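A short write-up of the structure that comes next.
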Amino acid sequence: MFSIQLALFFFSEGLTTWLAMLALLPVQVSCGAICHNHHHVNTFRKRPLNRLFECILYLQTGTSPFSWTLHHNIGHHKLYLDPQKDPSPWQQPDGSLMPRWRYVLVNTLMIYPEIHRIGQQHRQLYRRFLRMLVIANIPLVAALTYDPRNALILFVIPMITMLFLLLDNTYGQHADTGFEDHFHASRNVELKRYNLPSWNLGYHTAHHMLPGLHWSKLPELHANIRHRIPDHLIADHIFLQWEPGRPQREATP
Numbered sequence: 004m005f006s007i008q009l010a011l012f013f014f015s016e017g018l019t020t021w022l023a024m025l026a027l028l029p030v031q032v033s034c035g036a037i038c039h040n041h042h043h044v045n046t047f048r049k050r051p052l053n054r055l056f057e058c059i060l061y062l063q064t065g066t067s068p069f070s071w072t073l074h075h076n077i078g079h080h081k082l083y084l085d086p087q088k089d090p091s092p093w094q095q096p097d098g099s100l101m102p103r104w105r106y107v108l109v110n111t112l113m114i115y116p117e118i119h120r121i122g123q124q125h126r127q128l129y130r131r132f133l134r135m136l137v138i139a140n141i142p143l144v145a146a147l148t149y150d151p152r153n154a155l156i157l158f159v160i161p162m163i164t165m166l167f168l169l170l171d172n173t174y175g176q177h178a179d180t181g182f183e184d185h186f187h188a189s190r191n192v193e194l195k196r197y198n199l200p201s202w203n204l205g206y207h208t209a210h211h212m213l214p215g216l217h218w219s220k221l222p223e224l225h226a227n228i229r230h231r232i233p234d235h236l237i238a239d240h241i242f243l244q245w246e247p248g249r250p251q252r253e254a255t256p
């Protein structure tokens with residue numbers, strides 16, 4: 004993916020650059036799932052390779068090294084059953100379901116402020132995050148200096164877009180579920196056409212039960228706990244974002 008971006012950056016021009024960027028977005032969504040899984044279980048054994056991989060993923064997903072460790076692993080996973088503390092809550096102050104557009108807009112804009120807030124309780128990790136944020140942005144700044152147009156189209160716009168799409172996916176996975184326990188707080192999808200590009204994120208309850216479990220083992224864990232997941236939290240389609248509030252919409256004449 005990164006090599007394709009580089010080739011387009013140096014050799015594409017005109018409408019071709021825009022069309023290529025749009026064509027690559029679905030692949031970058033899958034890169035977002037790879038980035039998510041990598042932050043839970045590092046891909047490589049050597050730390051330098053993991054940091055390099057995260058810098059490359061940053062240019063596809065907008066999530067820099069250690070950003071998801073703070074916001075997602077420490078924030079969301081530990082606190083998603085508490086709507087008052089979850090860094091990406093789906094409830095409004097009165098306890099009602101937050102509209103999809105508002106959830107995505109507000110929580111996307113709050114990603115890095117929330118990382119800063121959470122980082123105050125994890126100072127050493129936060130310092131590593133800041134250091135790697137500077138390093139990860141060096142090639143982006145260089146690209147913007149060399150060719151601002153292509154850098155904006157091929158890197159900056161997709162990176163920002165991916166952050167919005169990431170929160171849109173989170174909305175479908177959790178909004179309008181429950182807070183009792185893991186079994187009532189996530190939506191699941193068993194369809195291959197969802198789990199292949201998302202790297203098994205459809206088995207979301209299993210993932211939240213054991214976030215450190217390798218993504219390839221999630222189907223087995225899901226099969227073992229499936230009987231404890233309410234039927235309405237196992238979707239038979241891939242558009243989870245439609246699910247929050249659906250019963251209320253269908254009941255409205």
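According to my numbering, the stretch in the sequence shown is residues 4 to 256, in order.
Just so it is clear, CB atoms sit at the ideal spot from N, CA and C, and this is done for glycine as well.
Owing to the predicted nature of the structure, the values given are computational and were not obtained by experimental measurement.
Between residue 217 and the ligand ATP, is the CB less than 6 Å from at least one heavy atom?
-> Absence of the ligand ATP is noted for the structure shown, with no ligands found whatsoever.
Residue 65 vs residue 133 beta-carbon contact at 7 Å | Reading the sequence shown from its first residue, position 62 is the one you call residue 65. Reading the sequence shown from its first residue, position 130 is the one you call residue 133. For residue 65 and residue 133, no; Cβs fall outside 7 Å.
Cα-Cα separation between residue 209 and residue 171, rounded to whole angstroms = Start at 1 with the first residue of the sequence shown, and residue 209 comes out as number 206. Start at 1 with the first residue of the sequence shown, and residue 171 comes out as number 168. Distance between the alpha carbons of residue 209 and residue 171 is about 20 Å.
Alpha carbon to alpha carbon, how far is residue 214 from residue 185?
-> On the sequence shown, position 211 is the one that residue 214 refers to. On the sequence shown, position 182 is the one that residue 185 refers to. Distance from the CA atom of residue 214 to the CA atom of residue 185, rounded to whole angstroms, is 12 Å.
Roughly how many whole angstroms lie between the Cα atoms of residue 178 and residue 88?
-> Indexing the sequence shown from 1 puts residue 178 at position 175. Indexing the sequence shown from 1 puts residue 88 at position 85. Rounded to whole angstroms, the gap between the alpha carbons of residue 178 and residue 88 is 15 Å.
If I'm right that residue 158 touches residue 143 with Cβ under 8 Å, what's the distance once you round it to whole angstroms?
-> Here residue 158 corresponds to residue number 155 of the sequence shown, with the count starting at 1. Here residue 143 corresponds to residue number 140 of the sequence shown, with the count starting at 1. Contact flag correct, Cβ pair sits at about 6 Å.
Look at the Cβ atom of residue 42, then the Cβ atom of residue 21, and state whether they are nearer than 7 Å.
-> Translated into positions along the sequence shown, residue 42 becomes position 39. Translated into positions along the sequence shown, residue 21 becomes position 18. No, Cβ-Cβ distance for residue 42 and residue 21 is not below 7 Å.
Three or more C-beta pairs below 8 Å linking the segment 30-40 and the segment 192-201 | Yes: at least three Cβ pairs fall under 8 Å.
In terms of residue numbering, what span does the alpha helix (DSSP H) encompassing residue 169 cover?
-> Within the sequence shown, the letter at position 166 stands for residue 169. Start and end: 160-177.
What are the start and end residues of each continuous alpha helix (DSSP H) run of 4 or more residues lying completely inside the segment 88-119, in chain order?
-> Runs found: 103-112.
Alpha carbon to alpha carbon, how far is residue 189 from residue 13?
-> One-based indexing of the sequence shown puts residue 189 at position 186. One-based indexing of the sequence shown puts residue 13 at position 10. Rounded to the nearest angstrom, the two C-alpha atoms are 42 Å apart.
Spatially closest choice to residue 180 from 86, 228, 152 and 221, by CA coordinates | Counted from its first residue, the sequence shown places residue 180 at position 177. Minimum Cα distance to residue 180 is reached at 86.
Unbroken alpha helix (DSSP H) runs of length 4 or more, entirely within the segment 21-68: which are they?
-> List check, alpha helix (DSSP H) in window: 50-64.
Cβ pair residue 79, residue 90 closer than 7 Å | The count along the sequence shown starts at 1 and reaches residue 79 at position 76. The count along the sequence shown starts at 1 and reaches residue 90 at position 87. In this structure, residue 90 lies closer than 7 Å to residue 79 by Cβ.
Between the beta-carbon of residue 68 and the beta-carbon of residue 139, is there less than 7 Å?
-> If you number the sequence shown from 1, residue 68 lands on position 65. If you number the sequence shown from 1, residue 139 lands on position 136. Cβ distance < 7 Å, so residue 68 and residue 139 count as in contact.
For residue 238, the residue or residues it bridges with in DSSP | Within the sequence shown, numbered from 1, the residue matching residue 238 stands at position 235. Beta-bridge pairing links residue 238 to 192.
Whole angstroms is fine: what's the gap from residue 183's alpha carbon to residue 76's?
-> Here residue 183 is taken as the residue at index 180 of the sequence shown, counted from 1. Here residue 76 is taken as the residue at index 73 of the sequence shown, counted from 1. Their backbone Cα atoms lie some 20 Å apart in a straight line.
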